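Residue numbers (this note's numbering): 1 to 501.
Beta carbons are placed, not taken as given, at the ideal position from N, Cα and C, and that holds for glycine.
Note that the structure is a prediction, hence the values are computed from the model and not measured.
Worksheet for the structure shown next.
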Ligand SMILES: [Cu+2]
């Protein structure tokens, strides 16, 4: 058994007990105490406004050395909803160390549904019996990640996780896919799920019999315990795989007359259209409040002209006889110094701007420390083209973006005719179906060095990621916070100084 990242002095082991951070809007400080391995933690979806120094990924932050601790200080401003944290370095994510983060609305700003009787975090993910070090060595040796051994719900195997409810009451589940490789389907026997929130956006309240959650994604559903008093299966199964992996948890009525019965309900398995149709039905609730009342105001993303289109194609192949994954032919390799620190201290030679192109290059895969420049305050379109036969999932740090369209085949300029420019959902992680594309709009209103990566963790680890450098020449604190006083300095930034403590 390994001891991994710790938070607030509580151990997080491989099959961890679940912890939640309840966060009111405002500043938050998270002390991390690290044992045994250099470690780093990031909070998926937390925007880190003006503050990429605290983002907790390789390109922004130095690793926390073994036996040391580090406190992240971050502001969760203009954001509400369901997120999670995880260790981001090496292949630590395969060891667990996750927890939910709930950013709550201010008391006077209403959410578009009555207070639920209970609010549960549900972290689901595929799981490998092998230690993270074994999996990492496998990838370092040039091989692909094998098929997972199973699926966990809140760190527990089949029948292990249970959730207690009272008959007649309504509950909120905040579900995140914290796995490494597979899209998952979530369902509860004999109960319907009403989607209410996706990664910080209140959605149209559509009811589903089951819901697909792709790698790295989070959502909230409501369900009412309106069935005869007994126990029911909660089922999570893998999507688009053969064989299909399935696990169960238990929904327990407080006045339950008996255990679960009947077969666990089946769900979609390899059907892509089912998933695409569900994805398109996930819309923003335009009349609901977000972190502020009436978050839309006079802002309509569909009325803003984009000034740049970036097309990103993922690919897989071998470099020097070893498996690699790439974006626009570039397979990312880390530099010796966090890119953000190189930028801050003006250390030359760590990375080159323009080391990844705006469009697929068409050539073979090569290695580089890929960084793309982008203008602060630009409003851009990004098209993810997935010509492979896997389901891709892309995450952009520092931002929420509008998902304006997804469809099969090759994206062309004519694809824009089908965009949803009215109520597309704003989120931070989007799937791209096999041989398909997904288009997003992003308002680049957050200065910093931001990671854009595949959430398919072996792909991310073997190069399917890069950094977007949202830059301004302004040194104003209105645009970017100063480097944290406690920022760790490593690589070529060693020996420099941050600010007086
Ligand atoms: Cu993120």
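Closer than 6 Å: residue i CB and nearest ligand 1 heavy atom
| i | result |
| --- | --- |
| residue 397 | yes |
For residue j and residue i, the rounded distance between their alpha carbons
| i | j | result |
| --- | --- | --- |
| residue 467 | residue 91 | 19 Å |
| residue 59 | residue 402 | 25 Å |
| residue 301 | residue 495 | 44 Å |
| residue 282 | residue 204 | 7 Å |
| residue 510 | residue 225 | Residue numbering for the chain in the displayed model covers 1 to 501; residue 510 lies beyond these limits and cannot be assessed. |
| residue 336 | residue 107 | 45 Å |
| residue 472 | residue 381 | 20 Å |
| residue 209 | residue 175 | 15 Å |
| residue 162 | residue 57 | 33 Å |
| residue 179 | residue 278 | 21 Å |
| residue 397 | residue 315 | 21 Å |
| residue 288 | residue 80 | 12 Å |
| residue 299 | residue 422 | 11 Å |
| residue 77 | residue 141 | 42 Å |
| residue 122 | residue 227 | 21 Å |
| residue 28 | residue 168 | At residue 28, the pLDDT of 48 sits below 50, so the modelled position is not reliable; the number obtained from the coordinates is stated separately. Their backbone Cα atoms lie some 36 Å apart in a straight line. |
| residue 160 | residue 154 | 9 Å |
| residue 565 | residue 474 | An answer regarding residue 565 cannot be provided, because it is not within the stretch 1 to 501 covered by the chain. |
| residue 499 | residue 487 | 9 Å |
| residue 35 | residue 374 | Its pLDDT being 32, under 50, residue 35 is placed unreliably in this model, and the coordinates cannot settle the point. |
| residue 48 | residue 113 | 27 Å |
| residue 497 | residue 144 | 41 Å |
| residue 395 | residue 115 | 30 Å |
| residue 245 | residue 271 | 15 Å |
| residue 319 | residue 342 | 27 Å |
| residue 308 | residue 118 | 44 Å |
| residue 96 | residue 131 | 10 Å |
| residue 46 | residue 99 | 13 Å |
| residue 139 | residue 69 | 28 Å |
| residue 284 | residue 194 | 14 Å |
| residue 476 | residue 164 | 50 Å |
| residue 157 | residue 238 | 14 Å |
Sub-7 Å separation of residue i and residue j beta-carbons
| i | j | result |
| --- | --- | --- |
| residue 172 | residue 104 | no |
| residue 83 | residue 93 | no |
| residue 317 | residue 365 | yes |
| residue 264 | residue 248 | yes |
| residue 392 | residue 432 | yes |
| residue 313 | residue 410 | no |
| residue 330 | residue 369 | no |
| residue 481 | residue 192 | no |
| residue 177 | residue 213 | yes |
| residue 376 | residue 447 | yes |
| residue 444 | residue 404 | no |
| residue 427 | residue 196 | no |
| residue 434 | residue 479 | no |
| residue 379 | residue 438 | no |
| residue 109 | residue 293 | yes |
| residue 215 | residue 54 | no |
| residue 52 | residue 449 | yes |
| residue 440 | residue 344 | no |
| residue 338 | residue 62 | yes |
| residue 310 | residue 387 | no |
| residue 256 | residue 229 | yes |
| residue 418 | residue 436 | no |
| residue 429 | residue 181 | no |
| residue 166 | residue 254 | yes |
Interface flag, residue i vs chain B, CB-CB below 7 Å
| i | result |
| --- | --- |
| residue 402 | The chain labelled as chain B is not found in the depicted structure, where only one protein chain is given. |
At a cut of 8 Å, does the stretch 457-472 reach the stretch 316-326 through at least three beta carbon pairs?
-> yes
Can you check the stretch 171-229 for any alpha helix (DSSP H) of at least 4 residues that lies completely inside it and give the ranges in chain order?
-> none
Between the stretch 181-190 and the stretch 227-234, are three or more C-beta pairs nearer than 8 Å?
-> yes
Segment contact, 8 Å Cβ cut-off, at least three pairs: the stretch 344-354 with the stretch 483-495 = yes
Beta strand (DSSP E) segments (min. 3 residues) lying fully within the stretch 380-463 | 392-396, 401-408, 429-432, 436-443 and 448-454
Below 8 Å, can you find three or more Cβ-Cβ pairs linking the stretch 150-157 to the stretch 126-133?
-> yes
Quick one: which unbroken alpha helix (DSSP H) runs of 4-plus residues sit fully inside the stretch 328-362? Chain order, please.
-> 339-344
What alpha helix (DSSP H) runs, 4 residues minimum, are completely inside the stretch 269-332?
-> 272-281
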